[in-house]
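Here the structure is laid out as structure tokens; the discussion comes afterwards.
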Amino acid sequence: MDTAESIPDEHLLKREKRQDLQEMLTEVGLAAEYWLPTLQEQLGVTCAQALQHLEEKDLLKLKSQAQHSWETGALEKLLNLSHSNSLSKLQESQKEKQKQAQQELQGLKDFVSEGRQQQEETERTKEAQLRQAMEIPREYWPPPKEPLTEVMENTWKHLNLMEWTLPKRQNLPDGDLVRWASGGLALQGIYKTKYQKDLIEKREELLCLPKNFSVFGPQQGAQMETKEFSSSQAESMFTRSLEKLGFSVIASVNGGGWGFSLEANMDHNQHSESQESQQSHSEHSYFCTIKFSYIPLASCYFPIDQLQFSNAALQELKCIEDLLGQPEGPDTLLLLRCRTEAFFHKFGSHANQGPLHLGGIYWWKAVSEGFQSEQLAEVKQQSAEALDIYIRGSYSGIGKKIAAGVNVSDSHSKMASQSINFQNLQTKVQLSVTHTGGPPEADDLAQWKAGLIASNQTWCVIDRGLQLVPIWDIILSSHRSDFKDPLLVANCLKDSYTALTGLTAQIQDGEEFLSAVKEAKVFLEDVKSWEVSDPEEQLKKVINFMQILNQKIKNYDTWINICLTDCNMQNFLVNIVNSCKESSTHNTKFIKSQLRLLLDPHIYRVTDFPQTHSIMQWIFQSESHQEQSNISHFSELIKTLKDIQNDFMEIMIKSELQETVEDAQRKATYEVSLSLNAFLENLRETDQPDTQLLLLCIASGAGYHVVNNTFQYLLGFDELDYLLHEMQTAHDKYQELRNLCSYRAQAFLVLTGLTTTVGITAISEEEKSKRLSLMRHHMEQSLSKEVAHVLTKLGAHHNWENLEKDLQLLIDGDYEATVSSLQMEDIKKQLKSLSHTNKQPHVADDNRNNRTKLIENGAFLSLLQRLGLEHHYPKRLGRADFHLICKNSVYNTQPSSEQELPFYFLQKLLVLDYELRYLVFKDGRN
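Here it is in structure tokens:
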């Protein structure tokens, strides 16, 4: 009877939800008869509640279905109406979780009061349910030895703190939220240079808020992270960088994505300060561990066509244009350069597109000072233990009660701190908490989190995203009508930026670029209506258009940034692939070659193409090849690499066409990436971090990008041979050493990571710094004291030769020799500092000798200049130059100037071509 009655109720509920969605569509002026089925077909949305979960990419997909231009604004307003309720939904959800936690706690209390503690399994289950309801990580739940009654008592206190009444704050509209969060950080510019201090300095407002701006739900989840530092300066720099830039930017910069590494610079500063303060072998040290809970609650994104300068920035740029209109002269040029530099320092050189995230960060910190360097490993361990106990107290409701029974003073400031003494180390650990965002008056984690969710007035910008747009591009895309000659102003800013920072910058010819963008948008509007009918002919049209764009602006930027990011183009390409999978009538092999031409390698620069992996996997999958299974054993990886190398060699032998060879390189590169990533994932799942790091280091030597999990350029025979040989040899050696002694195996891993690369080219010091930073990051928890001892003595000037010698001694099992060599290094440094003044005349003599040698070698240097090789002396040719050698030989048949002779000569020498002795150049006059 009940079941029968529930059926019409269910239908009634669905009808009511549909009516709510229909009312929201009507409220913003959208036709319900068109948009109701569109929402369901495109995004699976059938009720108003689902709208609050849509993101920016979903809005873009809906905009592509708009029949009239005004409907795009109405769609933005529709999602804004939905998301305006998302905060209240979040707050309601928090109350429901709190209520559920109280019910679970009451259930556990009743269970205990009935005297059924003996049923351990049931008790553990109820305790786990309570922990999950309170969202407490497993590692911070009270240990089993703690009495259950005490756990429940502390949990009641914890829940009561969550109900503690904070001052009421009204929620802000989306626009005001972004203007005020972190002092308007989202709208401020970034001065992108080689130095991290420029990235994190405060700038004035570069952008104004776009029209119809709205905030969406978070695109990231909450995270708990740990960082370690051995100098207060490095710790301070990291904290400031995280608060000013956020998670995404720090990861990109540390991976070398912006041309340098924050961690490498921190390490350099740290070693400099350590060297200056070093007085003896038993110097006193600093160690800091930070753990922080990163809680994003909302996100936003600025489309490039909506980026607009603030009034102050626009007026400043107009003043620069006025200077450009004055007669040229030395004073004018100097004034112009000073004015543009002042603009960069005031407003920045780039704007953030996002996605930006708003929310809060809760920090726990443990600092130890006054210990000797040989005690570092023990200090690390005991600091970690003390910090874990401290964090457990924050979660479990114990509050400020921490290790050794010491109480933290009750404080309502942003930071509370406490010290713990370790008797055996005769040192002290300073524990503290602080927070970014959230109510400033909250002094407890539960209160702070409840207050953060209660009002968006307490939110901060905690991530600024990765996508930067230079100001000269904003001028050409959004402010052409505000300048007399926008292209002249854009070029002036671009040239000044390059001169001031030393970083390369590009700008398209304004008219050609805008024309290409306009053509792309018209073409994409046409693609929007395409159904898959004749895939080969349709793809031929797309290829022709891609080539037209490339000819017009001399690169693939418009194809990548406009076309491949368009949801209509993405849907069409996905439909092509699905059609070929379902039908046997298509010429699949030819279609795959067309798609490869369109997508490889351009698709890897597109950040928002969810089906990238499946499409590329299908393209490179042979007709008889089934879906690749997971590689779970090292022997399987080696066999796969051998098969890839053999297939590649077979094509190289049979084919003389450069296009065929490049296709084989693309296929090999993709298959190696796929196999390597599969095995690395298996190593992560089976908890084998050292083996994973060893293979990552070897792959990096062949151009593997650790963050993107792809190779940065196509692999050839040399790279394939290197990967196969090095991985097999290094893996066997590592396993052998690990069975003998763990620190010997670790030393081998670090030495391999610092020295392995394709060919005989020496690895630069900058590259070694990046690799060492990566290895320290992966091994920070498991680093043996022997290897750590050697690494701590790496000086500010990075004496890599001595480090590699010491690592080799560790591999050989001679740890004592490394200790004596380190002591000898200290003596040498002291002698060097004592005799520094006496060596000044010798330096002058050396300079005179060098000048004499340069004069004697004048004819040689003159020849280098004629041949265009002066930049390569006394440096060596790098890998990039090697590829240039091959490129010249392929695209031209004979050199046309003296400066082209060397690479043609080297290319013929590489392939043992006897005709190199007859090589001459011909210019247009011959």
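The numbering used here applies: residue 324 is where the sequence shown begins, and numbers increase by one.
A virtual CB, placed ideally from N, CA and C, is assigned to each residue, including glycine.
For clarity, every value in this text was computed on a predicted model and none was experimentally measured.
So residue i is in the alpha helix (DSSP H); what residue range does that whole segment cover?
{"i": "Leu657", "result": "653-670"}
{"i": "Leu791", "result": "Looking at the DSSP string, Leu791 is not in any alpha helix (DSSP H); the run it does join, the beta strand (DSSP E), is 790-793."}
{"i": "Val501", "result": "497-503"}
{"i": "Gly774", "result": "768-777"}
{"i": "Thr1115", "result": "1108-1115"}
{"i": "Lys517", "result": "Per DSSP, Lys517 belongs to no alpha helix (DSSP H) and is neither H nor E."}
{"i": "Leu359", "result": "355-366"}
{"i": "Lys468", "result": "No alpha helix (DSSP H) contains Lys468, which DSSP labels as neither H nor E."}
{"i": "His391", "result": "It is not in any alpha helix (DSSP H) - His391 carries neither H nor E in the DSSP assignment."}
{"i": "Trp1123", "result": "1123-1134"}
{"i": "Phe1040", "result": "1040-1063"}
{"i": "Leu370", "result": "Here the sequence assigns Cys to residue 370, which means Leu is not the residue at that position. Careful: Cys370 lies outside any alpha helix (DSSP H) and carries neither H nor E."}
{"i": "Ser537", "result": "First-last for Ser537: undefined, no H or E at that position."}
{"i": "Asp1013", "result": "1012-1023"}
Look up residue i in the DSSP assignment and give the residues it is bridged to.
{"i": "Met1251", "result": "This structure does not reach residue 1251, given that the chain is present from 324 up to 1249, and the question cannot be answered."}
{"i": "Trp686", "result": "Phe615, Thr757"}
{"i": "Leu530", "result": "Phe632"}
{"i": "Gln511", "result": "Glu528"}
{"i": "Tyr609", "result": "Glu692"}
{"i": "Thr1033", "result": "His1028"}
{"i": "His680", "result": "Ser622, Asp786"}
{"i": "Gly569", "result": "Asp786"}
{"i": "Phe552", "result": "Cys611"}
{"i": "Phe1226", "result": "Its beta-bridge partners do not exist; DSSP assigns none."}
Could you pull the start and end residues of the beta strand (DSSP E) that residue i belongs to?
{"i": "Asn675", "result": "673-677"}
{"i": "Cys783", "result": "783-786"}
Excluding five sequence neighbours on each side, which residues of the same chain lie with their C-beta closer than 6 Å to the C-beta of residue i?
{"i": "Thr655", "result": "Gln649"}
{"i": "Ala1070", "result": "Val1110, Leu1130, Leu1133, Ile1134"}
{"i": "His948", "result": "Note that His948 scores 43 on pLDDT, short of 50, meaning its location in the model is unreliable and no value can be drawn from it."}
{"i": "Lys567", "result": "Ile523"}
{"i": "Lys422", "result": "none"}
{"i": "Ile618", "result": "Ala545, Gly682, Gly683"}
{"i": "Asp343", "result": "Ala371"}
{"i": "Arg1248", "result": "For Arg1248, the predicted model reports a pLDDT of 48, less than 50, meaning its position is unreliable and no value from the coordinates is stated."}
{"i": "Ala700", "result": "Lys1108"}
So, for residue i: in the same chain, excluding its five sequence neighbours on each side, which residues have a beta-carbon less than 7 Å away from its beta-carbon?
{"i": "Lys386", "result": "Thr395, Leu398"}
{"i": "Leu362", "result": "Val368"}
{"i": "Gln1058", "result": "none"}
{"i": "Leu383", "result": "Cys890"}
{"i": "Lys550", "result": "Phe561, Ile613"}
Any idea if residue i is buried or exposed, counting beta-carbon neighbours within 10 angstroms, 16 or more meaning buried?
{"i": "Gln893", "result": "buried"}
{"i": "Trp393", "result": "exposed"}
{"i": "Pro809", "result": "buried"}
{"i": "His1112", "result": "buried"}
{"i": "Asp766", "result": "buried"}
{"i": "Leu335", "result": "Low per-residue confidence applies at Leu335: pLDDT is 42, beneath 50, and the placement is therefore not dependable, though the value from the model is reported in the following sentence. By the neighbour-count rule (16 or more Cβ atoms within 10 Å), Leu335 is not buried but exposed."}
{"i": "Asn1170", "result": "Any reading at Asn1170 must be qualified, since the residue scores a pLDDT of 46, below 50, and its modelled position is unreliable; the value itself is stated next. That one is exposed."}
{"i": "Ser564", "result": "buried"}
{"i": "Gln1230", "result": "buried"}
{"i": "Asn878", "result": "exposed"}
{"i": "Phe1040", "result": "exposed"}
{"i": "Met869", "result": "buried"}
{"i": "Ala504", "result": "buried"}
{"i": "Asp923", "result": "buried"}
{"i": "Ala822", "result": "exposed"}
Please work out which residues of its chain come closer than 8 Å, Cβ to Cβ, to residue i, disregarding the five sequence neighbours upstream and downstream, and give them in chain order.
{"i": "Leu960", "result": "Ile954, Ser998, Leu999, Phe1002, Met1050"}
{"i": "Leu847", "result": "Ile885, Cys886, Asp889, Asn891, Met892"}
{"i": "Lys863", "result": "Gln917"}
{"i": "Tyr357", "result": "Gln390"}
{"i": "Glu859", "result": "His909, Asn910, Phe913, Ile914, Gln917"}
{"i": "Asn873", "result": "Tyr879, Trp882"}
Next item on the list: Any chance you could list the beta strand (DSSP E) runs of at least 3 consecutive residues sitting entirely within the region 1078-1104, in chain order?
Entry: none
Margin query: Suppose only complete runs of 4+ residues qualify. What are the alpha helix (DSSP H) ranges in the region 809-867, listed by chain order?
Written below: 809-824, 833-850
Checklist line | Whole runs of the alpha helix (DSSP H) within the region 888-970, excluding any shorter than 4 residues | finding: 890-905, 911-922, 935-943
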